[in-house]
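First comes the structure, then the notes that go with it.
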Amino acid sequence: MGLDIKLPIGLMFSILGLLLTIFGFFTIGDQEIYKRSLGININLWSGLLMLIFGSVMLFFAFRTARTKKENPE
Amino acid sequence: MATGFVLSWIDYLVMIIYFVFVLGIGWALKRFMKDANAFLEAGRAMPAWVAGLAFISTNLGALEVMGMTGSGTKYGMLTTHFYWVGAIPAMVFLAMFMMPFYYGSKARSVPEYLKLRYDEKTRGLNAILFAVMTILASGISMYALAILMEKVLGWNFHLSLVLSAAIVLAYTYLGGLSSAIYNEVLQFFIIVIGLLPIVILSLRDLGGWSGLEHQLAPIVTAKGYAADSWTTMWKYTGSTKTNPLGVEWYGIFAGLGFVLSFGYWCTNFLIVQRAMSAKSSTAARNTPLIGALPKMFIPFLIIVPGIAALVLMNTPGKGFALPLNEAGQPIYDYTIIMLLKQYLPAGVLGLGITALLASFMSGMAGNVSAFNTVWTYDIYQSYIRPVTGDKLADGRHYLRMGRYATIFGVLVSIAAAYLASLFGNIMDFLQTIFSMINAPLFAVIFLGMFWKRTTGHAAFTGLLAGFLLALLHHGLTFPHGADTLVKGGWIMKLHEYPVEMAQNFWTAIFAFSTATIVTIGLSFMTRKIKTDDELKGLVYSLTPKLVEENVPWYKRSWTLATIVLVIAMLLTILFW
């Protein structure tokens with residue numbers, strides 16, 4: 009239907025992942041956050057997971073677009 | 014016990030980014046909406062993996078997420094019956110035996126299949142009941158979202174209601190079914206990633222699965238059940254008294270595993286519509302099978318945290334409690350909310366709240382997009398403004414009508430939400446009543462697909478008889494502890510069930526059996542009007558079998574179906 013859903017999914021998760029990773033990085037040592045999430049910097053890890061997922065989706069989106077360009081039918 | 018959250022700027026930023034993408038998808042799809050086929054059927058162009066994830070996401074509404082986590086706390090792993098025996102066999106059956114007819118017949122909706130297979134009156138009955146049911150469900154979902162926003166985030170009830178309705182309206186109006194499906198895929202991923210931290214942190218807090226089992230044992234035995242009754246599924250279903258669900262194995266197997274699940278997964282157009290939007294017959298078959306794979310693992314995302322919550326609320330040092338209702342009982346539906354509050358700091362908390370909002374909206378948008386299709390094709394086109402023969406003009410006209418129906422559907426949903434806020438019990442009652450059509454509908458469609466002798470008059474009468482018997486059964490029975498007639502016994506209190514779930518299972522069994530017997534009996538007594546030629550593509554024995562030629566064995570539907578069934582059996586054995 010004209011739009012490859014992998015592109016918005018990849019973009020959104022990359023942006024959210026980057027946001028949470030940066031936020032997690034700047035809150036290293038924040039005792040309130042560590043206390044609540046049992047000593048894990050949950051923002052940093054969730055952010056990295058989302059960033060990886062978003063990047064994989066973007067990779068597949070661009071690969072699909074390239075394949076379509078080379079082979080339109 | 015306060016349920017409120019204090020959100021920080023980053024939580025709001027996560028929400029805003031998500032909604033920008035949701036609306037952006039609708040906007041990006043707007044230019045492809047050239048006719049009714051594109052708007053109401055997604056142009057039948059969806060890849061199987063997209064349709065498959067939408068298929069499962071439509072079912073993953075917030076009432077499901079919140080309700081099932083609460084059920085995990087109340088009933089433990091027994092809740093998983095709704096995901097394994099109560100879903101997987103039906104999804105495999107839909108894929109392998111029913112999708113070829115739904116898709117191959119070129120029917121644009123389940124009611125239209127009934128028209129092609131039987132007659133106009135059977136279609137009309139199903140279309141009208143379905144249209145009312147979807148609007149009720151959408152309204153109740155909207156109401157629940159607004160209440161949640163009010164209690165948890167302190168947002169104004171009316172503002173939450175209008176804002177959520179406006180977002181759903183915007184993206185379904187712009188991009189139709191395609192937009193709803195694409196957003197359901199987006200919502201699926203955000204729900205999984207948003208709730209995953211709760212699973213990890215709650216299990217880590219309790220020392221993993223073995224730690225959870227160990228700490229659960231004294232709590233469960235104090236309730237009068239065996240130590241492992243919260244972490245097993247079938248072991249204690251020999252009697253209604255030995256398991257917290259209060260239903261014996263036969264009720265689970267026949268009521269949930271057969272009648273209710275087949276009635277829901279195989280005939281509910283809200284679900285089947287996703288598979289009907291697939292780009293080919295093979296993709297349509299694979300849609301429920303692809304959906305079945307994540308479906309089997311969703312219990313680990315929403316039921317396991319519910320079980321962990323039971324331990325947390327019984328361990329004083331953890332500082333975890335559920336809010337209480339007026340009778341002093343825990344409100345189990347708030348389990349997931351309180352877990353979010355317990356473990357998630359700013360940042361991932363915004364992600365968790367966004368996941369809940371996403372699940373509310375996927376439920377609403379699914380109902381609205383199914384409603385506008387049934388309204389446009391099965392009611393408006395059939396009874397008000399039939400096709401004229403000018404295909405191009407018709408396509409544009411029904412596209413306009415589909416868009417009007419979307420606006421109408423959302424507005425009526427808002428009205429239903431306000432009715433739910435004033436007469437909550439009555440709305441629950443109406444939804445219960447209208448959902449009773451699923452079991453007899455499955456009987457009628459099943460007989461129509463697999464027995465060419467079934468007649469239109471018999472199907473209509475069977476559908477009506479099954480529905481009326483379900484009503485009668487509900488009116489004569491009630492669950493233990495029911496304090497309102499909404500739960501049943503509104504004609505007279507003839508029989509008491511130990512729990513409401515048992516009453517639901519048996520209502521479905523009686524409705525299905527009645528519809529089957531009446532339809533078979535009357536088919537022998539009425540004349541078969543449709544010829545074998547007319548039934549080609551609609552009935553199993555008269556349709557050439559779909560052969561997947563030039564498809565490697567590992568890409569065939571049967572291979573995927575076998576993998577799904579094997580995984581389901583392994584999981585069942587693991588948690589027996």
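As they're listed, the protein sequences go chains A and B. So my numbering is basically just the index in the first sequence, starting at one, shifted up by 8. So my numbering is basically just the index in the second sequence, starting at one, shifted up by 13. Each residue gets a CB set at the ideal place from its N, CA and C atoms; glycine is no exception.
Nearest-angstrom Cα separation, counted from residue j out to residue i
i: Leu369(B); j: Asp403(B); result: 45 Å
i: Ala49(B); j: Gln394(B); result: 12 Å
i: Tyr238(B); j: His171(B); result: 44 Å
i: Ala614(B); j: Lys134(B); result: Nothing in the structure corresponds to residue 614(B), since chain B is present only between 14 and 589.
i: Leu142(B); j: Gly259(B); result: 31 Å
i: Gly62(A); j: Trp53(A); result: 14 Å
i: Gly379(B); j: Gly37(A); result: 43 Å
i: Val564(B); j: Phe373(B); result: 39 Å
i: Arg398(B); j: Ala75(B); result: 37 Å
i: Pro257(B); j: Ala240(B); result: 12 Å
i: Tyr195(B); j: Tyr249(B); result: 41 Å
i: Val577(B); j: Leu26(A); result: 35 Å
i: Glu226(B); j: Phe18(B); result: 30 Å
i: Met65(A); j: Arg71(A); result: 10 Å
i: Ser274(B); j: Gly461(B); result: 18 Å
i: Met514(B); j: Thr468(B); result: 34 Å
Burial state of residue i (16 or more Cβ within 10 Å)
i: Ser118(B); result: buried
i: Trp589(B); result: exposed
i: Met20(A); result: buried
i: Lys354(B); result: buried
i: Ile29(B); result: exposed
i: Asp25(B); result: Reading off the sequence, residue 25(B) comes out as Tyr, not Asp. Its Cβ having fewer than 16 others within 10 Å, Tyr25(B) is exposed.
i: Ala483(B); result: buried
i: Phe34(A); result: exposed
i: Ala179(B); result: exposed
i: Thr147(B); result: buried
i: Trp566(B); result: exposed
i: Arg130(B); result: buried
i: Leu187(B); result: buried
i: Lys77(A); result: exposed
i: Met155(B); result: buried
i: Val579(B); result: exposed
i: His508(B); result: exposed
i: Phe67(A); result: exposed
i: Ile303(B); result: buried
i: Leu573(B); result: buried
i: Trp97(B); result: buried
i: Phe537(B); result: exposed
i: Met86(B); result: The residue asked about is misnamed: residue 86(B) is Thr in this sequence, not Met. That one is buried.
i: Ala297(B); result: buried
i: Val552(B); result: buried
i: Leu314(B); result: buried
i: Thr497(B); result: exposed
i: Phe68(B); result: buried
Bridge-paired residues (DSSP) for residue i
i: Tyr510(B); result: Pro492(B)
i: Ala291(B); result: Met59(B)
i: Pro343(B); result: Leu337(B)
Using a beta-carbon distance cut-off of less than 8 Å, what residues from the stretch 11 to 25 of chain A approach chain B? Leu11, Ile13, Pro16, Ile17, Leu19, Met20, Phe21, Ile23, Leu24
- request: Could you tell me which uninterrupted alpha helix (DSSP H) segments, each at least 4 residues in length, are contained entirely in the stretch 65 to 96 of chain B, listed from first to last along the chain?
  value: 75 to 88
Anything in the stretch 34 to 46 of chain B with a Cβ closer than 7 Å to a Cβ of chain A? List those residues in chain order, please. For the stretch 34 to 46 of chain B, which is checked against every Cβ of chain A, the residues closer than 7 Å are Phe34, Gly37, Ile38, Ala41, Leu42, Phe45.
Report task. Residues of the stretch 200 to 215 of chain B with a CB closer than 7 Å to any CB of chain A: list them in chain order, please. Result -> Phe202, Ile206, Pro210, Leu214
**Request:** For the stretch 187 to 238 of chain B, list the alpha helix (DSSP H) runs that are entirely contained and at least 4 residues long, ordered along the chain.
**Result:** 221 to 235
At 4 residues or longer, and completely inside the stretch 12 to 46 of chain A: list those alpha helix (DSSP H) runs for me, N to C.
-> If you keep only unbroken alpha helix (DSSP H) runs of at least 4 residues inside the stretch 12 to 46 of chain A, you get 14 to 34, 39 to 44.
Query raised in the report: According to a CB-to-CB cut-off of less than 7 Å, which residues of the stretch 218 to 252 of chain B neighbour chain A?
Result: Asp218
Selection of the stretch 360 to 373 of chain B by Cβ proximity to chain A, strictly under 8 Å: Gly360, Val361, Leu364
Listed from N- to C-terminal order along the chain, which residues in the stretch 184 to 195 of chain B have their beta-carbon within a distance smaller than 7 Å of any beta-carbon of chain A?
If the cut-off is 7 Å between Cβ atoms, the stretch 184 to 195 of chain B has Ser191, Tyr195 near chain A.
Extract the residue ranges of the beta strand (DSSP E) inside the stretch 18 to 55 of chain B, only unbroken runs of 3 or more that lie entirely within it. none
My parser needs the alpha helix (DSSP H) runs of 4 or more residues fully inside the stretch 237 to 306 of chain B; what are they? 274 to 280, 282 to 289
Give, in chain order, every residue of the stretch 100 to 130 of chain B whose Cβ lies closer than 7 Å to some Cβ of chain A.
Hits within the stretch: zero.
Task: Within 8 Å of chain A by C-beta, residues of the stretch 58 to 71 of chain B in sequence order - done: Ala58, Met59, Val63
Short-range partners of chain A found in the stretch 342 to 357 of chain B, where Cβ spacing is below 9 Å: For chain A, the residues of the stretch 342 to 357 of chain B that bring a beta carbon within less than 9 Å of one of its beta carbons are Gln355, Tyr356, Leu357, in chain order.
Residues in the stretch 395 to 422 of chain B with C-beta within 9 Å of chain A's C-beta atoms, listed in sequence order? none
According to a CB-to-CB cut-off of less than 7 Å, which residues of the stretch 42 to 55 of chain A neighbour chain B?
-> Arg44, Ser45, Leu46, Ile50, Asn51, Ser54
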